[in-house]
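S.K.:
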Amino acid sequence: MRKVSIFGATGSIGQNTIDLIRRAPDAYDVVALTGGANIARLAADAAALRADVAVTAYEDRLPDLRAALAGTGVEAAAGQAALVEAAARPADWIMSAIVGAAGLAPGLEALKHGTTLALANKESLVCAGALLLETAGQYGARLLPVDSEHSAVFQGLAGEDIDAVERIIITASGGAFRDWPLEDLPDASLAQASSHPNWDMGQRITIDSASMFNKALEVIETREYFGVRPEQIEVLVHPESLVHALVGFNDGALMAHLGAPDMRHAIGYALHWPERQDLPVERLDLARIGQLNFRAPDPARYPALHLAYEVMERGGMMGAAFNAAKEQALDDFIAGRIRFTDMAAVTETALERMSAERDLIDAAMTLDNVTRVDHLARQQAARAAEERIG
Ligand code: NDP
Numbered sequence: 294m295r296k297v298s299i300f301g302a303t304g305s306i307g308q309n310t311i312d313l314i315r316r317a318p319d320a321y322d323v324v325a326l327t328g329g330a331n332i333a334r335l336a337a338d339a340a341a342l343r344a345d346v347a348v349t350a351y352e353d354r355l356p357d358l359r360a361a362l363a364g365t366g367v368e369a370a371a372g373q374a375a376l377v378e379a380a381a382r383p384a385d386w387i388m389s390a391i392v393g394a395a396g397l398a399p400g401l402e403a404l405k406h407g408t409t410l411a412l413a414n415k416e417s418l419v420c421a422g423a424l425l426l427e428t429a430g431q432y433g434a435r436l437l438p439v440d441s442e443h444s445a446v447f448q449g450l451a452g453e454d455i456d457a458v459e460r461i462i463i464t465a466s467g468g469a470f471r472d473w474p475l476e477d478l479p480d481a482s483l484a485q486a487s488s489h490p491n492w493d494m495g496q497r498i499t500i501d502s503a504s505m506f507n508k509a510l511e512v513i514e515t516r517e518y519f520g521v522r523p524e525q526i527e528v529l530v531h532p533e534s535l536v537h538a539l540v541g542f543n544d545g546a547l548m549a550h551l552g553a554p555d556m557r558h559a560i561g562y563a564l565h566w567p568e569r570q571d572l573p574v575e576r577l578d579l580a581r582i583g584q585l586n587f588r589a590p591d592p593a594r595y596p597a598l599h600l601a602y603e604v605m606e607r608g609g610m611m612g613a614a615f616n617a618a619k620e621q622a623l624d625d626f627i628a629g630r631i632r633f634t635d636m637a638a639v640t641e642t643a644l645e646r647m648s649a650e651r652d653l654i655d656a657a658m659t660l661d662n663v664t665r666v667d668h669l670a671r672q673q674a675a676r677a678a679e680e681r682i683g
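Each residue of the sequence shown is one higher than the one before, starting from 294 at the first, in the working numbering.
1. Identify the residues that DSSP records as bridge partners of residue 605: which are they?
2. Starting from residue 502, follow the alpha helix (DSSP H) in both directions and report where the run begins and ends.
3. Please check the pair residue 623 and residue 636, which I expect to be a contact at CB under 8 Å, by giving their CB distance rounded to whole angstroms.
4. Run through DSSP, which three-state label would residue 306 get?
5. Say yes only if the C-beta of residue 302 is nearer than 8 Å to one or more non-hydrogen atoms of ligand 1, and no if none qualify.
6. Should the segment 625 to 642 be regarded as contacting the segment 479 to 494, the criterion being three or more beta carbon pairs within less than 8 Å?
7. Which residues does DSSP pair with residue 550 in a beta bridge?
8. Any idea what DSSP makes of residue 392, helix, strand or coil?
9. Assuming residue 538 and residue 462 make a contact with CB atoms under 8 Å, what is their CB distance in whole Å?
10. Which ranges would you report for the alpha helix (DSSP H) in the segment 559 to 590 if only whole runs of at least 4 residues count?
11. Examine ligand 1 and report whether any of its heavy atoms sits within less than 8 Å of the Cβ of residue 392.
12. If we require 4 or more residues per run, which alpha helix (DSSP H) segments fall completely within the segment 398 to 468?
13. At what residues does the alpha helix (DSSP H) containing residue 638 begin and finish?
14. Going by other Cβ atoms of all chains shown within 10 Å of its Cβ, with 16 needed for buried, is residue 352 buried or exposed?
15. Please look up how many angstroms separate the CB atoms of residue 434 and residue 404, rounded, as I've assumed it's under 8 Å.
16. Is residue 654 helix, strand or coil by DSSP?
17. Work out the CA separation of residue 372 and residue 408 for me, nearest whole Å.
18. To which residues of the same chain is residue 529 closer than 6 Å at the C-beta, ignoring the five residues directly before and after it?
19. Contact between the segment 387 to 399 and the segment 305 to 313: three or more CB pairs below 8 Å?
20. Is residue 661 helix, strand or coil by DSSP?
21. If we ignore side chains and look at the alpha-carbon of each, how far apart do residue 416 and residue 665 end up?
22. Near residue 520, which residues of its chain fall below 8 Å by C-beta distance, leaving aside the five closest residues on each side in sequence?
23. Would you give the residue range spanned by the beta strand (DSSP E) that residue 371 belongs to?
24. Which residues does DSSP list as the beta-bridge partners of residue 328?
25. Do the segment 545 to 562 and the segment 608 to 628 touch if we need at least three Cβ pairs shorter than 8 Å?
26. Measuring CA to CA, which of 316, 381, 365 and 496 is closest to residue 325?
27. Ligand 1 and residue 338: does the residue's C-beta get closer than 8 Å to at least one heavy atom of that ligand?
28. Just to confirm before moving on: does the CB-CB distance between residue 412 and residue 439 stay below 9 Å?
29. Can you pull the DSSP bridge partners for residue 527?
30. Contact check, residue 553 vs residue 533 under 8 Å by CB: the rounded distance?
31. List the whole-angstrom C-beta distance separating residue 605 from residue 516, where the pair is believed to meet the contact cut-off of C-beta under 8 Å.
32. If you count every other CB in all the chains shown that lies within 10 Å of the CB of residue 475, and 16 or more means buried, which is it?
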């Protein structure tokens, strides 16, 4: 039996992972499941899967978790240290699906124990890609991409020489406001931004898809994961979300990966890699679909996208600053403090100010330094938001 743990088990990716694991109960021995505020879901899944331990990120929720797990034999734990401790428990495969920079410390710890880390938590790669890759190399661990675009690129590169790659194209649905008049964007509501045309995902990534902050993170993730140059990475708006990525080679060939917009494909690929196994995902009927559309992203509609290239050009720990400023701006939008279009402006201002912190941005990439950059960038973004509110 393979020992598996799922971090962020109560979220959209976590639940899709559990769905796959439940289909083959004899194949997996569940070590740890973690969640945040959704104690009922966490306890129910931990009991059903007979996990060794269930961890909530919030210490004040430990009594609730203990009560919900009473009599099940599953250990209850809470807080950041408990998340890291759970990541240290031996497992063959760990799903990293906590949302945001909070996924970095447990992911890093898991790599130190030589595991295979299936990485949905793109934020950790954006914040500290070099540190994660170096740690994986040092401890003989493996990182597998779970983002659908990066899984698609990974599959497109199987058996290929990375030096023969000219370009990598990742696609974007264009999000909720793809076809809205530009002048309406400032008034986009939280509910409107939280609905995705094709994918069923957590709220934060859904809003990030509407603003294209999600694609901006993915551009940086592509650079970190595959080691290509920023100018080799392109983004195409593809409203159908059926082609997830394309890899262009030096002989002019362009290899596309197609699949239904169902995260169980990318999760299942990472779960079974290097083999392929049957997955419960829809098979595409291209004759019925008939037509696939592509267009260049409009910079006026998606100002967040170009920030990714500025962040890569600046280097150092600007990725951590970018992610943190974006997370803070998103918190402010969700709380109704700033407008939808303010998120890009606030993040840009925060990045300009973080650029001035040369010593910090160019310091050695350690977890402590990434955390310092993260905190300062959140403060800068909060300040920039206050200034916009006036
Ligand atoms: P969700 O919001 O649905 O789930 C997030 C998970 O993280 C939940 O288990 C949540 O717990 C937990 N969590 C939230 N805050 C914290 C915290 N501070 N510390 C520890 N755990 C926390 O997100 P998604 O599943 O949509 O996304 C997860 C990751 O996967 C993100 O990095 C996202 O970018 C990436 N991803 C998601 C895709 C998707 O289709 N959803 C596609 C590709 C990538 P609780 O809910 O109990 O509070």
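Note that the Cβ used here is the ideal one computed from N, Cα and C, for glycine as well.
M.R.: From the atom records:
1. DSSP output for residue 605 lists no bridge partner at all.
2. 496 to 504
3. 6 Å
4. helix
5. yes
6. yes
7. 538
8. coil
9. 6 Å
10. 579 to 582
11. yes
12. 415 to 432 and 441 to 450
13. 635 to 648
14. exposed
15. 4 Å
16. helix
17. 22 Å
18. 462, 464 and 587
19. yes
20. helix
21. 16 Å
22. 455
23. 368 to 371
24. 349
25. no
26. 381
27. no
28. yes
29. 462
30. Not confirmed; about 10 Å, so no contact.
31. 6 Å
32. exposed
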